Amino acid sequence: MSWLCGLVGEGIAASRSPAMHEREAKNLGEILVYRVVDTAAWEGTAADLPAIFQWLKRFNYNGVNVTHPYKQAVIPLLDELSDAASAIGAVNTVVFRNGKYIGHNTDWSGYAANFRRTLPDASLERVGQIGAGGAASAVGYALLTLGARELKLFDVDRARATALAERLQKLFPETRVSAVSRVEDAITGASGVVQTSPIGMSTHPGVPFSPDLLSSEQWFSEVIYFPRETELLAQARAKGCPTVSGVGMAVFQAADAFELFTGLRPDRERMLKEFD
Numbered sequence: 050m051s052w053l054c055g056l057v058g059e060g061i062a063a064s065r066s067p068a069m070h071e072r073e074a075k076n077l078g079e080i081l082v083y084r085v086v087d088t089a090a091w092e093g094t095a096a097d098l099p100a101i102f103q104w105l106k107r108f109n110y111n112g113v114n115v116t117h118p119y120k121q122a123v124i125p126l127l128d129e130l131s132d133a134a135s136a137i138g139a140v141n142t143v144v145f146r147n148g149k150y151i152g153h154n155t156d157w158s159g160y161a162a163n164f165r166r167t168l169p170d171a172s173l174e175r176v177g178q179i180g181a182g183g184a185a186s187a188v189g190y191a192l193l194t195l196g197a198r199e200l201k202l203f204d205v206d207r208a209r210a211t212a213l214a215e216r217l218q219k220l221f222p223e224t225r226v227s228a229v230s231r232v233e234d235a236i237t238g239a240s241g242v243v244q245t246s247p248i249g250m251s252t253h254p255g256v257p258f259s260p261d262l263l264s265s266e267q268w269f270s271e272v273i274y275f276p277r278e279t280e281l282l283a284q285a286r287a288k289g290c291p292t293v294s295g296v297g298m299a300v301f302q303a304a305d306a307f308e309l310f311t312g313l314r315p316d317r318e319r320m321l322k323e324f325d
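Quick note: to get the working numbering, add 49 to the position in the sequence shown (first position is 1).
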């Protein structure tokens, strides 16, 4: 059997997703073709999504991943949502099945799997999260699912942080989720800190906060995987913080999506080892 899958997003020409999916299918003795649908190539927008998905269905795609800036914009086009995608309010994987578009979110499960694998004994008593856009909702959901007792969110857009805090608080009423006005308030006293903002990416160089705010008693988690080691991740490691890079999240969310597309169980450790 063979599969045709892809990635819909903007500015994604350098995505590692095609290599990850096609290589793992080959490792399993199967054929999977994975193509990138980059709206930046023709100055497309969210208004083009209905036409894109109609053509994907006509070309008999089995499913697609969805990335920035369409993880929320795609939802009105879908026939069904998984429980996690509905709770998080974002979709990164769409499976085409029986004429229907079914939305999933594997960002949260990929983050959770990577965190458990890397820091299985980390304290989640109090977590500070920097960023409330993009991947932040999935990461916050993952941390609370893993057992975080308190989550403090900071974003330069206070309204966005407040909205995410309110959403997560409703989903996890027995925990404490709040938006704070200063980055220091999220980090000081936290058991660990997770960085979900785009600052640190190759296209957004720099650090989202001063590494001096971190202490060696705290763990530090990064979601950026390009570059593999951001400046802040390197600084946290140099301070002696136990760290979690963004590479594992990227690989494990892809592995979960691969399983949804094909029904086959990928070798996650092999995918991690072969990631480039």
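The beta-carbon is built from N, C-alpha and C at its ideal position, and this holds for glycine as well. Note that the structure is predicted; figures quoted are calculated from it, not measured.
| Item | Value |
| --- | --- |
| Proximity below 8 Å, CB of I248 to CB of V256 | yes |
| Residue nearest to G152 in terms of C-alpha spacing, selected from S265, G182, L309, L321 | L309 |
| C-beta contact flag for A187 and D234 at 8 Å | no |
| Spatial distance of Q302 from R231 (CA atoms) | 31 Å |
| Straight-line gap, E174 to A210 (C-alpha atoms, nearest Å) | 20 Å |
| Proximal residues to A62 (C-beta, below 6 Å), its chain only, five neighbours per side dropped | D87 |
| Residue span of the beta strand (DSSP E) that contains I80, given as start and end | 80-87 |
| Distance between F145 and S131 (C-alpha atoms, nearest Å) | 13 Å |
| Nearest residue (CA-CA) to A139, options G148, A228, K149, I124 | I124 |
| Three-state secondary structure assigned by DSSP to L93 | Leu is not the amino acid found at residue 93; the sequence shown has Gly there. Coil at G93, not helix or strand. |
| Residues sharing a beta bridge with T142, DSSP | N114, H153 |
| Alpha-carbon spacing of G238 relative to E318, whole angstroms | 34 Å |
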